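Asker:
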Ligand SMILES: Cc1ncc(COP(=O)(O)O)c(C=O)c1O
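Numbering (full-length UniProt numbering), first residue to last: 1 to 357.
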């Protein structure tokens, strides 16, 4: 009996096709494809007709090139290993004026995408004027030089509904983009939308955009709660096992540091073989687990175990579900446990048994 992290490959594939919606998608596969496995995800997305990938790490970008020789690969972080970028035909962000002026000679032959900073303030040109400055300097440069193949931004507020920030960042971006297009500039690749923005726009790519840059929806989690559960399907299941069922009495403290105090006699606690050492977040353990199709409250979380308060129907060796399509990662996101990607990233793939089935 070992706690298991497993992905149903057919469901993963069906979801990728459903999310893609016949639109041009750039699959975000950073952080080991949101911890689903880079090689697995790239293979699945290729089968779903997605041939453009993006990540933040050069190491992963090179891995993608090995996995998908014909793919278009976009690196969202600027790096300084220019030979590796060129050798692996990786397109890269152009993140600031200073980076451009300091590195324009090194960038010769490299395809770059001009990045607009917008409201996130993580990276990118601050204004339309800065972008135009680069375009002008670049057009006058007669030495071997970079190729401006794209332009992009990231919407940091697309999953926020009670504030005007998505509308603001969207408007600012469209203003920059449309001005440049009206002035006759051409970009082979134009991309801005993450999952939330893609769905907010009706699961379509914004006008003039060549791609939506989608991550979490492709991995089966909803970016915001008003989406229907059937729209995005979770292929991941995390399950553990009841090792034994123990009885405790009113006033007994159970778990480390008085974690749970039994409030009545004959309280039944299932001891389950999964804990924070396997990647179950403490905030997740404030909620329930499913045993024999019924939800039971988790009472205490330890490194390799948890206590679940159960009834007489639960027995040793019963399966305990922490995540599946009926107890989804996104359910707990919306309950405040942590971002979808935070829960996914926490899983310990060295201690959990990992299966693709
Ligand atoms: C720059 C960028 N684009 C796209 C994405 C994909 O976002 P999501 O997973 O919400 O679709 C991310 C994710 O963090 C990102 O940082």
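Backbone N, C-alpha and C fix where the C-beta goes; we use that ideal spot for every residue, glycine too.
Being a predicted model, the structure only gives us computed values, none of them experimental.
Using DSSP's beta-bridge definition, name the partner residues of residue 296.
Answerer: Secondary-structure assignment with DSSP links residue 296 through a beta bridge to 289.
Asker: On the criterion of 16 or more Cβ atoms from any shown chain inside 10 Å, does residue 140 qualify as buried, or is it exposed?
Answerer: exposed
Asker: For residue 133, which option in 97, 24, 69 has the closest C-alpha, if you only look at C-alpha atoms?
Answerer: Ranking the options by Cα distance to residue 133, first place goes to 97.
Asker: Leaving aside the five residues before and after residue 86 along the sequence, list all residues of the same chain whose C-beta is less than 8 Å from its C-beta, in chain order.
Answerer: 109, 110
Asker: Return the CA-CA distance between residue 292 and residue 234, expressed in angstroms with no decimal places.
Answerer: The alpha-carbon atoms of residue 292 and residue 234 are separated by roughly 20 Å.
Asker: Enumerate, from N- to C-terminal direction, the unbroken alpha helix (DSSP H) stretches of 4 or more residues contained entirely within the segment 70-139.
Answerer: Within the segment 70-139, the complete alpha helix (DSSP H) runs of at least 4 residues are 82-87, 97-103.
Asker: Find out if the Cβ-Cβ distance for the pair residue 240, residue 272 is shorter than 7 Å.
Answerer: yes
Asker: Please tell me whether, using a cut-off of 6 Å, the distance from the CB of residue 154 to the nearest non-hydrogen atom of ligand 1 is below it.
Answerer: yes
Asker: On a CA-only basis, which of 246, 238, 329 is nearest residue 311? Give me that one, please.
Answerer: 246
Asker: Does residue 247 come within less than 7 Å of chain D when only Cβ atoms are used?
Answerer: Annotation note: the requested chain D is absent from the structure, which comprises a single protein chain.
Asker: Since residue 340 contacts residue 237 with CB under 8 Å, what's their CB separation in whole angstroms?
Answerer: Going by Cβ atoms, the distance from residue 340 to residue 237 rounds to 16 Å, so no, they are not a contact pair.
Asker: So the alpha helix (DSSP H) residue 47 belongs to, where does it begin and stop?
Answerer: Run containing residue 47: 38-47, per the alpha helix (DSSP H) assignment.
Asker: With residue 214 and residue 27 assumed to form a contact (beta carbons below 8 Å), what rounded beta-carbon distance in angstroms separates them?
Answerer: 7 Å
Asker: Is any non-hydrogen atom of ligand 1 found closer than 6 Å to the C-beta of residue 257, if you look at the structure I gave you?
Answerer: Residue 257: no, Cβ never under 6 Å from ligand 1.
Asker: According to the neighbour-count rule (16 or more other Cβ atoms, all chains shown, within 10 Å of its Cβ), is residue 333 buried or exposed?
Answerer: buried
Asker: In this structure, how does DSSP classify residue 15 when only helix, strand and coil are distinguished?
Answerer: helix
Asker: For residue 64, which residues in the same chain have their Cβ closer than 8 Å to its Cβ, ignoring the five residues on either side in sequence?
Answerer: The residues 29, 38, 42, 53, 55, 71, 73, in chain order, have a CB closer than 8 Å to that of residue 64 in the same chain once the five nearest residues on each side in sequence are set aside.
Asker: Fully enclosed by the segment 143-207, which beta strand (DSSP E) runs are 3 residues long or longer?
Answerer: 147-153, 189-191
Asker: Classify residue 169: buried if its beta carbon has 16 or more other beta carbons within 10 angstroms, exposed otherwise.
Answerer: buried
Asker: Is residue 59 helix, strand or coil by DSSP?
Answerer: For residue 59, the secondary structure class from DSSP, reduced to helix, strand or coil, is helix.
Asker: Considering just the uninterrupted stretch of the alpha helix (DSSP H) at residue 34, what are its terminal residues?
Answerer: Membership of residue 34 in the alpha helix (DSSP H) is indicated by the continuous run 30-34.
Asker: Applying the criterion that 16 or more other CB atoms from any shown protein chain within 10 Å of the CB defines a buried residue, is residue 175 buried or exposed?
Answerer: exposed
Asker: Fully enclosed by the segment 225-294, which beta strand (DSSP E) runs are 3 residues long or longer?
Answerer: Fully enclosed beta strand (DSSP E) runs of 3 or longer: 236-248, 267-272, 288-291.
Asker: In whole angstroms, what separates the C-alpha of residue 89 from that of residue 166?
Answerer: Within the model, the alpha-carbon separation for residue 89 versus residue 166 is close to 33 Å.
Asker: Look at the alpha carbon of residue 300 and the alpha carbon of residue 80, and state the distance between them as a whole number of angstroms.
Answerer: Looking at the two C-alpha atoms, the distance is approximately 47 Å.
Asker: Can you tell me where the beta strand (DSSP E) holding residue 218 begins and where it ends?
Answerer: Boundaries cannot be given for residue 218, as no beta strand (DSSP E) includes it and DSSP labels it neither H nor E.
Asker: Out of curiosity, what's the CA-to-CA distance linking residue 157 and residue 112?
Answerer: 25 Å
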